[in-house]
Structures are given as C-alpha cells and as structure tokens.
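To keep things clear, I will list the structure first and then write my remarks on it.
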Amino acid sequence: MTYEYYMGDPEIRRRSWQMRRANRTLHAEPNVAHHAVTALERSGVPVRVITQNVDGLHQLAGMPDRKVLELHGTARTVMCTACGARAPDDGRAGPRRGGRERSAVPGVRRHPQVRDGDVR
Numbered sequence: 001m002t003y004e005y006y007m008g009d010p011e012i013r014r015r016s017w018q019m020r021r022a023n024r025t026l027h028a029e030p031n032v033a034h035h036a037v038t039a040l041e042r043s044g045v046p047v048r049v050i051t052q053n054v055d056g057l058h059q060l061a062g063m064p065d066r067k068v069l070e071l072h073g074t075a076r077t078v079m080c081t082a083c084g085a086r087a088p089d090d091g092r093a094g095p096r097r098g099g100r101e102r103s104a105v106p107g108v109r110r111h112p113q114v115r116d117g118d119v120r
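Residue numbers (the UniProt record's numbering): 1 to 120.
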C-alpha cells in the first residue's frame, strides 16, 4: 500500500489502526537475546544494533536509542503527517471508536515506518 493510497482513504486508515491494535507483536516482550546484547553494551563492548524489525524490543531491553538503527522505523511511536511531531504510541493515535481520527494537530498520525512506495 502506498502512502498516497493510505492517506487518501479514511476507511483504509481506520482498518489499518484496528489491525495494529489487535496485533500481538506489539505486545511482545524482549527475550534473552535482546537482554544479552544490552548486557554486552553495558559491559563496555562497543555495540550497535542494526535491525529491520519495527518492534522496539532492543530498546525495551535497555539498549539506548542512539545505539539502535531501525531500518524500517518503529511501531512503538506515532508521527504526525502535518508537522512531523513524534510521540509514544499509547493506543490513542489513529481513529477513535467512532471512526474520526484523533490528533492534536491537523495531520493524520501514522507509525514512522518505511513502506514500499515511501522511498522515491
């Protein structure tokens, strides 16, 4: 799905946010591997994590944000499409139960992830 298609159809955005809220991946917890990498970093070993995952589990395990490069962005924050402001995804972003989108600014909120069609 392209960005233009997503932005042009409120129903697609509503269904997209419903699917995200139901996605069990967003409720995942770091495993021993995530904690092991964090332990290495804390012991003084120079560590950088480059990941295609969007789950933010390295940061949840204690890895500093500055040491994690998320190639496809993250599903743990939302970004306003009007001003670019980012905030933790507290579950209130996206459409309300009545279907209208929530936002303190005029833009639609989306997860800052790279998708097919985003890179030109």
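Glycine residues also receive a C-beta, built at the ideal position from the N, C-alpha and C atoms. Since the model is a prediction, treat every value here as computed from it, not as a measurement.
(request) Return the first residue and the last residue of the beta strand (DSSP E) that leucine 69 is part of. (result) 68-70
(message) Using C-beta distances below 8 Å, list every residue in its chain close to glutamate 29, excluding the 5 sequence neighbours before and after it, in chain order.
(response) Leu57, Leu60
(message) Between Ala82, Asn53, Thr77, which has its C-alpha nearest leucine 69's C-alpha?
(response) Asn53
(request) Please determine, among Val49, Cys83, Ala33, Thr77, the residue with the shortest C-alpha to C-alpha distance to leucine 71. (result) Val49
(request) Could you check the C-alpha separation between proline 88 and lysine 67 for me, to the nearest Å? (result) 19 Å
(message) Between arginine 13 and tyrosine 6, how many whole angstroms is the CB-CB distance? I'm expecting something under 8 Å.
(response) 6 Å
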